[in-house]
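Just so you know, we're using the UniProt record's numbering here: the sequence shown kicks off at 1 and counts up by one.
The structure under discussion appears below in the form of C-alpha cells.
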Amino acid sequence: MITVIGSLNYDLVTYTDRVPGGGETFQADAFETHIGGKGLNEAIAVARLTASQDGAKVQRVRMIGRVGDDGFGKELIDALKGDGVDTTFIDSVPNTKSGVAVILVEAESGENRILITSGANGTLQPTNSEYEQYFPPEICGTDHYVILQNEYPDTLKTIEWLKVNRPAVNICYNPSPFKKEWVSSVVLASIDLIIVNEGEASDIASVLGLHHKENCDIATLAEFLQRALAPNGISTVIITLGSKGCVYTNKDISPPLKADSVKVSHVVDTTGAGDTFFGGVVLQLSQAKCLHEAITFATRASSLAIQKHGAAESIPTFDDITEGHFIN
Ligand code: RIB
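Right, dumping it as C-alpha cells:
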C-alpha cells in the first residue's frame with residue numbers, strides 16, 4: 001500500500017519563448033490547463049507506473065487531500081479515479097477554491113517557474129482522529145509507504161504522528177517547496193527516504209551544523225544526510241542533479257553512488273518530472289527492488305515525462321518504460 005498526502009492543483013500553464021521582466025508585456029506561444037499538484041502527480045505516477053497482472057494493478061495507491069467545491073476540484077478527483085487512485089479521503093471543502101498553480105514554461109529549455117495558491121490544500125490539517133481513520137493499525141506495517149511533500153500546512157505534524165503512532169510505515173519525503181524553518185534533526189530522524197536537490201541538500205546540511213558547505217561535495221552531503229535519517233528505517237537519500245542525474249545512498253551503500261540521467265533530444269516541459277521520479281522510486285522500493293533498480297526505472301519515467309506538456313498528463317505508464325519508449 002502507498003499513501004500520498006498532499007496537494008492537488010489545477011495548473012494554468014503558459015508556454016513562452018521568453019519570460020517577461022517587470023513592467024514588460026510579451027506575447028506567449030500557447031496557454032494550456034493541466035492537472036497537477038505535487039501530491040496528485042506523485043499518486044498518479046505510482047498508479048501509472050505500477051504493472052498490471054491479469055488486468056489488475058498489483059499495487060494499491062490512495063491519496064489524502066482537499067479540493068474546493070468548484071469545477072477544478074471535480075476534475076482533479078476524476079483524474080485520480082481515472083488512473084485507479086483511491087480518493088476516499090479527498091474531501092471537497094465548501095466555499096473554498098481548489099489549489100491553483102500558475103506556471104510559465106520556457107520553450108527552449110522546458111524549464112518552469114511556478115506560483116502556487118494553496119486554496120483548499122491550505123485546509124489540510126487532519127485531527128488525530130482523522131489520522132486514526134486514515135491509518136488503521138492493520139494496514140500500517142513495513143510494507144506501507146507514505147509519500148509527503150510541503151504543499152500543505154501540516155507535513156511536520158503528519159511525520160510526527162506517523163512516527164509516534166505507526167512507526168513501522170516508511171515515511172518518504174520530498175521537502176518541496178523548500179522551507180528552511182521546517183528542517184530539524186528530529187524531523188530528519190523520523191524519515192526513511194528523502195529526495196532533495198543539490199541546493200536543498202546543502203541548506204539542510206548547514207541548518208544541521210555541517211559547516212563549510214561550499215567545500216562539501218555531493219557525496220559527502222549525501223552521507224551526512226543519510227546518517228541523520230531514521231536509523232531503523234530504509235534510510236535512503238537521493239540528491240537530484242537535473243540533467244546530470246542523481247547521487248544516492250542508503251544504509252547498505254557507502255560511498256554514495258551516481259546515476260546518470262537519460263539524455264533526450266528535446267525537453268518540452270519539466271513540470272512534474274520530479275514528482276514522477278519520486279513516485280517511481282517509492283513504488284519500486286515498495287516492490288522490494290534495490291535502490292539502483294528503483295532509480296534506473298524512475299529516471300526512465302521522468303525522461304519520458306519531460307518530453308510532453310503538462311504535469312500529471314505527461315507521466316508515462318509501466319508499459320511505456322518496459323517497452324523502451326524512453327529512448328528518444
Ligand atoms: O511539481 C510540479 C507541480 O508543482 C505542478 O503540477 C504544480 O501544481 C505545483 O504543485
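Yeah, the Cβ is synthetic: ideal placement off N, Cα and C, and Gly gets one too.
This one's a predicted model, so the numbers in the text were calculated from it and none came from an experiment.
Report the partner residues of residue i according to the DSSP bridge assignment.
i	result
Glu32	Val13
Tyr248	Ile238 and Leu257
Gln149	Asn174
Gly99	Asn9
Arg66	Asp91
Val105	Tyr15 and Asn112
Ala3	At residue 3 the sequence reads Thr, which differs from the Ala that was named. In DSSP, Thr3 forms a bridge with Arg62 and Val146.
Leu193	Cys172 and Thr236
Out of the options, state which residue places its alpha-carbon closest to the alpha-carbon of residue i.
i	options	result
Ser176	Ser235, Gln27, Leu115 and Ile218	Leu115
Ala30	Val13, Glu24 and Val183	Val13
Glu75	Arg113, Thr142, Gln53 and Asp11	Asp11
Pro231	Gly21, Ile171 and Val19	Ile171
Ser190	Ser314, Thr270 and Lys157	Lys157
Phe89	Ser7, Arg48, Thr317 and Ser118	Ser7
residue 379	Pro255, Val267, Val268 and Cys246	A question about residue 379 goes unanswered here, because the residues of the chain that appear run from 1 up to 328.
Lys244	Ser235, Ile218 and Val237	Ile218
residue 347	Ile306, Gly37 and Ala311	Nothing about residue 347 can be read from this structure; the chain reaches only from 1 to 328.
Leu241	Gly233, Ile234 and Leu221	Leu221
Asn174	Gln27, Gly39 and Ile321	Gly39
Thr46	Thr3, Glu24 and Tyr15	What sits at residue 46 in the sequence shown is Val, not Thr. Of the listed residues, the one whose Cα sits closest to Val46 is Thr3.
Asp320	Gly310, Ser302, His309 and Ala311	Ser302
Pro153	Leu304, Ala120 and Leu257	Ala120
Pro137	Leu162, Ser98 and Tyr15	Leu162
Arg66	Ser52, Ser98, Lys81 and Gly36	Ser98
Thr50	Thr296, Ser118 and Gln287	Gln287
Leu229	Ile159, Glu293 and Lys258	Ile159
Leu188	Asp86, Thr276, Val237 and Thr16	Val237
Asp83	Trp182, Ile204, Ile5 and Arg62	Arg62
Lys180	Gly71, Val207 and Gly73	Val207
Ile64	Lys81, Gln53 and Val102	Lys81
His85	Arg60, Val100, Gly68 and Val102	In the sequence as presented, His is not what sits at residue 85; that position holds Val. Of the listed residues, the one whose Cα sits closest to Val85 is Arg60.
Glu198	Phe178, Ala311 and Ile239	Ile239
Within the continuous beta strand (DSSP E) that includes residue i, where are the two ends?
i	result
Phe89	Asp86 to Val93
Asn170	Asn170 to Asn174
What first and last residue would you give for the alpha helix (DSSP H) that runs through residue i?
i	result
Val186	Ser185 to Leu188
Tyr131	Asn128 to Tyr134
Ile114	Taken as a continuous stretch (DSSP letters only), Ile114 belongs to no alpha helix (DSSP H), being part of the beta strand (DSSP E) at Asn112 to Thr117.
Glu198	Glu198 to Val207
residue 351	Because the chain here runs from 1 to 328, residue 351 falls outside it and cannot be looked at.
Val164	Thr155 to Asn165
Ser109	Per DSSP, Ser109 belongs to no alpha helix (DSSP H) and is neither H nor E.
Ile306	Ile306 -> no alpha helix (DSSP H), and no H or E assigned at all.
Ile322	Correcting the residue identity first, residue 322 is Thr in this sequence and not Ile. Note, Thr322: alpha helix (DSSP H), Phe318 to Thr322.
Gln287	Taken as a continuous stretch (DSSP letters only), Gln287 belongs to no alpha helix (DSSP H), as it is neither H nor E.
Ile77	Gly71 to Gly82
Meets three-Cβ-pair contact criterion under 8 Å: the segment 81-101 and the segment 160-169: no
Any contact of the segment 214-230 with the segment 176-196, i.e. 3+ C-beta pairs under 8 Å? yes
Beta-carbon distances below 6 Å to any heavy atom of the ligand RIB define the shell here; list its residues in chain order, please. Here the list is Ser7, Asn9, Asp11, Gly36, Gly37, Lys38, Asn41, Ala101, Ile114, Ile116, Glu151, Thr271, Gly272, Gly274, Asp275 and Ala311.
Pair every Cβ in the segment 123-133 with every Cβ in the segment 275-282, then say whether three or more of these pairs are closer than 8 Å. no
Three or more C-beta pairs closer than 8 Å, one from the segment 311-324 and one from the segment 256-275: is that the case here? yes
Indicate whether the contact test is met: 3 or more Cβ pairs, each with one atom in the segment 104-114 and one in the segment 141-149, closer than 8 Å. no
Could you tell me whether the segment 13-29 touches the segment 248-259, using the rule of 3 or more Cβ pairs below 8 Å? no
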